[in-house]
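Asker: After the structure tokens below, expect a handful of questions from me.
Chains as they are written, first to last, in my numbering: chain A, 140 to 349; chain B, 128 to 651.
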């Protein structure tokens, strides 16, 4: 019995959920926050998949959480630079602040699409074009079918794909590999990881402190 | 006195052009260095294309004319006009002398261009690569098609016969360069060449008029006694560049294969459409799957022949005495593969509510699109630089086409102290080297969200208030600017801690002798 179990475990085709040394292990993009990196299977933001950030409110630190990774991506050495695509931000994204964070502005692409279908279509086009290093999209009204579609499109490339949704969508089923609920407290930004590769839920307090 | 440019003709102006003249052709002296071409072009010129505006079945003479007023020239005519000895190239005045009832139509280049597109679509049965050469020629890349049609001569004969059967006169020629084939076609001698040497031999004895250069170039050649392309090419290049212009020289090089010529492929919006009778009427959408598989398989072979894919398709379930039920499917990249489409169909079809029993299933595709090489890249292989730049442009074009120009923007900084004017949106491809932005980096932190226009804040107990008291944590930063353009500001900015730990960017300003607080940003 034990021998057969070991034989089974030694087959390369078996994927073990608890095994951190799997094929995802090297694909993470460092988030810039050590405690968050330690909690993520690849040591950072997973690429080629959809990441969901769930927000109780706008402007609580959701952009600051992404800036270090975006900084890395806008300085990737490449003969043909890729975009950071901002999909219909709910407020005016202020370029001087992006520049202060060290992002190169000539690689930022701001899209303003009014209808839901235009927004989702744009995200899908941007993913399959493989010409975006990162996509940050505000999609409050996305459904499960479109999430699956975008996740499939994301798998074709290696784009950092972050969708920002209201905290109320927490209960919805989602194919996203990583789901994080953000919460602002007087002492800083708390992260509650709802879903991640190779691990259960986890709360990381004060990732950004005041 | 006329001076031939060959002997000492290159004076000071010649030197001026020297730097810009493309490198001399490595032709006769170094035949081994000649570029190895891997393409073969069939040029088709349709001399009667201007006649597209003449209705068919008219018995009275009709001519199409082009040119300046009072100097119009006949560019096409119908059979009745030819019967009274009206010819192409004839002055309109002379043509009028031959017929009292002559109808004259002005040339319509837009109609010709549209019709050239129709001819291009027909040409796609011979090769997937068809390029338009307005006003009246097509260029077909036929290297891969020769074997299919039993050799080069047989292919040319088939193409010629095909267009003749549709009622089009056509002049054709083949050559290893597109422009060379076009020029040979204009000699109306049906020259079939397969090598660069043969092409050059024929071009050498061809009159320069086939190039259709501007009249000034032709006049100049006449003055220096040059009639043939071969004579022209024997003249020193610097002199040619100086006298005829670099464009003329470029086309000459392209025709001879000394310089590659970029040609744009004509994309034709073809669609696949087919339908199938079901063996028995059915109420269940699930039972339609085998029929849809069959249709998808024929679509795949249709698309494979055209080297294309589609991004949309529509399945119509046709009922007796009931409007059809539609299922529309779309994907983000063109695909020809039946199995990829089947995946989508099998996901959506079973959910379809059929209003009545289905007796017939119809499949209609969206426009055929070329399968881009990038999509055929092997997984794990980085795309090449060219295809990456191409994809970038294509992405921006697609987004603009659907969302509008204003919805797709890049951003840049402006050297300006007023915060709401310190940036500008622009077309994303415009790369601007930031000038005079010093003094920007040392600025105190700026918020990621700008509240624009600034939102007035309430005051309670003399303190700014937003769902609770705001605690000033940093500041003030005095910004005074704009007095010169009538939009002056004098503000004291602070970072303030709000409820639930939010960080706000607020300012205080004096309006009508009173202090007011405004919210101008959120540190997101």
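We put the beta carbon where it would ideally sit given N, CA and C, even for glycine.
All values derive from a computational prediction rather than experimental measurement.
1) Quick check for students: name the residue ranges of the alpha helix (DSSP H) that lie wholly in the stretch 277-334 of chain B, counting only runs of 4 or more.
2) Would you list, in chain order, the members of the stretch 608-631 of chain B that have their beta-carbon closer than 8 Å to a beta-carbon of chain A?
3) Output the distance between the C-alpha atoms of residue 340 of chain A and residue 186 of chain A, rounded to the nearest integer angstrom.
4) Pairing CB atoms from the stretch 377-386 of chain B with CB atoms from the stretch 436-456 of chain B, are three or more of them under 8 Å?
5) Does residue 374 of chain B come out as helix, strand or coil in the three-state DSSP assignment?
6) On a Cα-Cα basis, can you pick out the residue from B/338, B/353, B/359 and B/385 that is closest to residue 303 of chain B?
7) Compile a chain-ordered list of the residues in the stretch 290-316 of chain A whose CB is closer than 9 Å to at least one CB of chain B.
8) Is residue 221 of chain B helix, strand or coil by DSSP?
9) Going by Cα to Cα distance, which pick from A/257, A/329, A/171 and A/172 is closest to residue 281 of chain A?
10) With a threshold of 6 Å on Cβ separation, who are the neighbours of residue 181 of chain B within its own chain once the five nearest residues in sequence on each side are excluded?
11) State buried or exposed for residue 173 of chain A, treating a residue as buried only when at least 16 other CB atoms are found within 10 Å of its CB.
12) Measure from the alpha carbon of residue 538 of chain B to the alpha carbon of each residue in A/238, A/175, A/200 and A/178, then state which is nearest.
13) Please state the DSSP three-state secondary structure of residue 438 of chain B.
14) Can you give me the C-alpha to C-alpha distance between residue 634 of chain B and residue 546 of chain B, rounded to a whole angstrom?
15) Hey, out of A/267, A/210, A/215 and A/194, whose CA is closest to residue 526 of chain B's CA?
16) In whole angstroms, what is the alpha-carbon distance linking residue 233 of chain A and residue 632 of chain B?
17) List the residues of chain A whose Cβ lies closer than 9 Å to the Cβ of residue 303 of chain B, in chain order.
18) Nearest CA to the CA of residue 438 of chain A: which residue from A/332, A/279, A/201 and A/212?
19) Could you check the C-alpha separation between residue 261 of chain A and residue 456 of chain B for me, to the nearest Å?
20) Compare the C-beta of residue 334 of chain A with all C-beta atoms of chain B and state if any pair is closer than 9 Å.
21) Under 8 Å Cβ to Cβ from residue 473 of chain B, same chain only, skipping five residues before and after it: list those, please.
22) Find out if the Cβ-Cβ distance for the pair residue 103 of chain B, residue 172 of chain B is shorter than 9 Å.
23) Can you tell me which of the three DSSP states residue 519 of chain B falls into?
24) For the beta strand (DSSP E) that contains residue 601 of chain B, what are its first and last residues?
25) Using the C-alpha atoms, what's the distance from residue 253 of chain A back to residue 480 of chain B?
26) By Cβ distance below 6 Å, which residues in the same chain neighbour residue 348 of chain A in space, the five residues on each side in sequence not counted?
27) Extract the residue ranges of the beta strand (DSSP E) inside the stretch 160-233 of chain A, only unbroken runs of 3 or more that lie entirely within it.
28) Put residue 495 of chain B into one of helix, strand or coil per three-state DSSP.
29) Residues of the stretch 528-559 of chain B with a CB closer than 8 Å to any CB of chain A: list them in chain order, please.
30) Can you tell me whether residue 261 of chain A is helix, strand or coil according to DSSP?
31) With 9 Å set as the bound, which would you pick, yes or no: does the beta-carbon of residue 152 of chain B sit closer than that to a beta-carbon of chain A?
32) Does the beta carbon of residue 519 of chain B sit closer than 9 Å to a beta carbon anywhere in chain A?
33) Can you name, in chain order, every residue of its own chain whose Cβ lies under 6 Å from the Cβ of residue 228 of chain B, other than the five neighbours on each side?
34) Straight-line CA distance for residue 423 of chain B to residue 469 of chain B?
35) Please classify residue 426 of chain B: does DSSP put it in a helix, a strand, or coil?
36) Within the 9 Å Cβ cut-off, does residue 578 of chain B reach chain A?
Answerer: A quick look at the data gives this:
1) 279-292, 305-312 and 323-331
2) 624, 627, 628, 629 and 630
3) 20 Å
4) no
5) helix
6) B/385
7) 292 and 295
8) helix
9) A/257
10) 189 and 205
11) exposed
12) A/238
13) strand
14) 11 Å
15) A/267
16) 12 Å
17) The contacting residues do not exist; residue 303 of chain B stays about 32 Å from chain A at best.
18) Past the edges of chain A, shown from 140 to 349, lies residue 438 of chain A, and the structure says nothing about it.
19) 17 Å
20) no
21) 416
22) In the structure as shown, chain B starts at 128 and stops at 651, and residue 103 of chain B therefore has no counterpart that could be examined.
23) helix
24) 598-608
25) 30 Å
26) 327
27) 188-194 and 222-226
28) coil
29) 529, 530, 533, 534, 535, 536, 537, 538, 539, 540, 546, 549, 550, 552, 555, 558 and 559
30) helix
31) The pLDDT assigned to residue 152 of chain B is 43, lower than 50, so where the model puts this residue is not dependable, and the model offers no usable value.
32) yes
33) 187
34) 7 Å
35) helix
36) yes
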